[in-house]
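First up is the structure itself, then whatever we jot down about it.
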Amino acid sequence: MRDGGPRWTLTVPTGGDTLRQERLTRDLHDTLQTTDGLVVGFHDAGGPAEPGRKGTGVGEVALWATTAAAVARPASQVLITLIKEWCAKERHRKVVVTVGDDSLEITGRPDAVQERMVREFQDRVAGGDAPEPNDDAA
Numbered sequence: 004m005r006d007g008g009p010r011w012t013l014t015v016p017t018g019g020d021t022l023r024q025e026r027l028t029r030d031l032h033d034t035l036q037t038t039d040g041l042v043v044g045f046h047d048a049g050g051p052a053e054p055g056r057k058g059t060g061v062g063e064v065a066l067w068a069t070t071a072a073a074v075a076r077p078a079s080q081v082l083i084t085l086i087k088e089w090c091a092k093e094r095h096r097k098v099v100v101t102v103g104d105d106s107l108e109i110t111g112r113p114d115a116v117q118e119r120m121v122r123e124f125q126d127r128v129a130g131g132d133a134p135e136p137n138d139d140a141a
């Protein structure tokens, strides 16, 4: 099911509360699966996420998400926006987004630094092929 862009791993950290983590992860799954262009599923908690990678950990629940199209940048923006909106429902919500060896934590109360980190993360994930904004235009 990896027709399009990279495979993302989404983990909802809850400080060891596995029941809360499962409930929140299922809620995030339900939110994301209704979006056209995204394919979302549950990682096998007992096995590794991908060959050569560590698993999510015993008792942890995690999601994987990928796009149904080859255009990574717009789909990544949609995915990040949906995660940010989901986290904003409760200020203590967090989602750790991992693509390859790169990861980012999105919280329910983002500040300017986190917003900058999100933009940089998206640029890295998209391969930096997005046009640079023209700040010199008057």
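For the sequence shown, my numbering gives the first residue as 4, with consecutive numbering after it. Backbone N, C-alpha and C fix where the C-beta goes; we use that ideal spot for every residue, glycine too.
- When secondary structure is reduced to three states using DSSP, E93 falls in the coil class, being assigned neither helix nor strand.
- One Cα belongs to V15, the other to G40, and the distance between them is close to 22 Å.
- Burial state of T17 is buried, judged by a 10 Å Cβ sphere holding 16 or more other Cβ atoms.
- In its chain, beyond the 5 residues on either side, T38, G40, L41 have a beta carbon closer than 8 Å to the beta carbon of V81.
- Residue range 65-70 is occupied by the beta strand (DSSP E) that includes A65.
- Counting C-beta pairs with one atom in each stretch, the segment 112-125 and the segment 16-36 have fewer than three that are closer than 8 Å, which means they do not touch.
- By the neighbour-count criterion, in which a residue is buried when 16 or more other Cβ atoms sit within 10 angstroms of its Cβ, T69 is buried.
- Between D105 and R127, the gap from beta carbon to beta carbon is short of 7 Å.
- The beta carbon of E25 is closer than 8 Å to those of V64 in its chain, skipping five residues each way along the sequence.
- Secondary structure at D105: strand, using DSSP grouped into helix, strand and coil.
- Assignment of T14 by DSSP, reduced to helix, strand and coil, places it in the strand class.
- In the three-state scheme derived from DSSP, where H, G and I count as helix and E and B as strand, T28 is classed as helix.
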